[in-house]
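Residue numbers (the working numbering), protein chains in the order written: chain L, 142 to 246; chain C, 143 to 310.
So, in structure tokens, the structure goes:
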């Protein structure tokens, strides 16, 4: 009973972080800020979803397999985030800034 | 000369065995402990070990401290949770409160794996994203230009340095 409850909670929290990451992808103004949203929020969401699923796994082996996905996805997302940002910088994509009026202190 | 070659080939063999052991553990996990496909496992582990030694030869790999790595991972998971939380809040806030900037960050870590780990970890920490490694500086994109980037980076650099510190 308690594991099921905890699992449901983790899945919901994970979905919320995926949702926030997607909202960031749509709302944030340029490629760099969108990379922040995708890499960071989705990793947290994936961690929660995997932990929630591992609690429902039939065997320890399946649970470990689910949990092993997280570090692998983390490595991939860190490498891909850096690669996309570097490519954008090479292509001369300027980072977005607030409007001049707001920037005056 | 011969002695040096001998020790380097011995370290390659030791390193190959260690890596094959890690890949075997991954296989066991992926196969959920089922050994019926062991010929495929042997081929896969051999190929993964060969690729790993080719991409990251034993002599370019600095010694790794187990304690330092463990402490780094615990700290990093906490930081990446904070990073996800912060950016999720920024995304869902009614008013977009971004004040991004690109900042040149001087690096104190040696080139190679330590810098790679630093750059990768920085991308998952609160508000920072490595954009370009060039010479001894890393161009960092930050979500808030007021955030204490130098302090955060120094703490991360200390943790990364502890991972590669020789224990013997």
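Where is the CB? At the ideal position from N, CA and C, for every residue including glycine.
This structure is a prediction, so every number in the text was calculated from the model and none was measured.
Under the 9 Å criterion on CB atoms, residue 168 of chain C is classed as interfacial with respect to chain L.
By the C-beta criterion, the stretch 243-253 of chain C is judged to be in contact with the stretch 265-279 of chain C, since at least 3 inter-stretch pairs fall below 8 Å. The Cβ atoms of residue 165 of chain L and residue 229 of chain C sit closer than 9 Å to each other. Taking the Cβ atoms as the reference, residue 189 of chain L lies roughly 5 Å from residue 154 of chain L, within the contact range of under 8 Å. Annotation: the continuous alpha helix (DSSP H) that includes residue 174 of chain L extends over 172-196. Residue 176 of chain C is classed as exposed because its beta carbon has fewer than 16 other beta carbons within 10 Å across all chains shown. Remark: C-beta atoms of residue 263 of chain C and residue 221 of chain C approach each other more closely than 9 Å. Chain order gives the chain L residues near residue 229 of chain C as 161, 162, 165, 177, 178, 181, 182, where near means a beta carbon separation below 8 Å. Interface flag for residue 268 of chain C against chain L is set, since a Cβ pair is found closer than 9 Å.
Residue 206 of chain L and residue 296 of chain C do not touch by the CB rule: their CB atoms are close to 37 Å apart, not below 8 Å. DSSP places residue 175 of chain C outside any beta strand (DSSP E), giving it a letter other than H or E. The Cβ-Cβ distance between residue 306 of chain C and residue 207 of chain C falls below 9 Å. Annotation: residue 245 of chain C to residue 210 of chain L spans about 33 Å, alpha carbon to alpha carbon. The DSSP-derived three-state label of residue 272 of chain C is strand. Closer than 9 Å to the CB of residue 178 of chain C there is not a single CB belonging to chain L. Pairing residue 202 of chain L with residue 240 of chain C, the inter-Cα distance amounts to about 43 Å. Two segments are said to touch when three or more pairs of C-beta atoms, one from each, lie closer than 8 Å; by this definition the stretch 172-192 of chain L touches the stretch 210-226 of chain C.
In the structure shown, residue 279 of chain C adopts extended strand secondary structure according to DSSP, grouped into three states. With its beta carbon less than 9 Å from one in chain C, residue 205 of chain L belongs to the interface. In this chain, residue 206 of chain C is not harboured by any alpha helix (DSSP H), its DSSP state being neither H nor E. In the structure shown, residue 199 of chain L falls within a coil segment according to DSSP collapsed to helix, strand and coil.
For residue 212 of chain L and residue 238 of chain L, the gap between their C-alpha atoms comes out near 33 Å. Secondary structure note for residue 247 of chain C: its beta strand (DSSP E) is the uninterrupted segment 243-248.
The bridge partners DSSP lists for residue 284 of chain C are C/243, C/270.
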